[in-house]
Amino acid sequence: MQVFELDEVTRTQQELGESYHQFLSEGSLSLGLYVLPAAATDTQTPHNEDEVYYVVRGRAMVEVACDRRPVRAGSIIFVAKDVDHRFVDIEEDLALLVFFAPEHRG
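Positions in the sequence shown are counted from 1; adding 432 to them yields this note's numbering.
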């Protein structure tokens, strides 16, 4: 078993200066913290893994393929592998837990 505290993961992510900080990596799953400041541009491209995003804090719109929806703290978003997606119109600093299956390697 592994237990992670979000405040510790956030502190490490900030110390490293990374927008995405992967803190769990197992063969079938990986987990990371993705942070985008208000008004930032999300430049991610489609991934080879299915993803689930959990919005920890912030507000924005998410675009997945041709669909566009508002998200806020507590929202959960599923994105299938190889599907174009991004967060736009980021109104408040956005912090997301990102689950990849299988493990993300890039």
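We put the beta carbon where it would ideally sit given N, CA and C, even for glycine.
Here the structure is a predicted model, which means the values were calculated and not measured.
Asked                                                                                              : Found
Coil, strand or helix - Gly491 by DSSP                                                             : The question names Gly, but residue 491 in the sequence shown is Arg. It is a strand residue.
Whole-angstrom C-beta distance between His479 and Phe519, which should lie under 8 Å               : The Cβ separation is near 14 Å, so there is no contact.
Val441 - containing beta strand (DSSP E), residue span                                             : Taken as a continuous stretch (DSSP letters only), Val441 belongs to no beta strand (DSSP E), being part of the alpha helix (DSSP H) at 438 to 448.
Buried/exposed call for Ala470, threshold 16 Cβ in 10 Å                                            : exposed
C-alpha gap between Asp525 and Gly464, whole angstroms                                             : 17 Å
First and last residue of the uninterrupted beta strand (DSSP E) at Asp521                         : 517 to 533
Residue-chain proximity (Ala471, chain D), Cβ-Cβ < 7 Å                                             : Any reference to chain D falls outside this structure, which holds one protein chain only.
Where the beta strand (DSSP E) through Asp499 begins and ends                                      : 499 to 504
Per-residue DSSP class, three states only, for Asp482                                              : strand
Proximity winner among Val503, His517, Arg537, Leu529, relative to Val548 (alpha-carbon distances) : Look at the range of the chain in this structure, 433 to 538, and you will see that residue 548 is not part of it.
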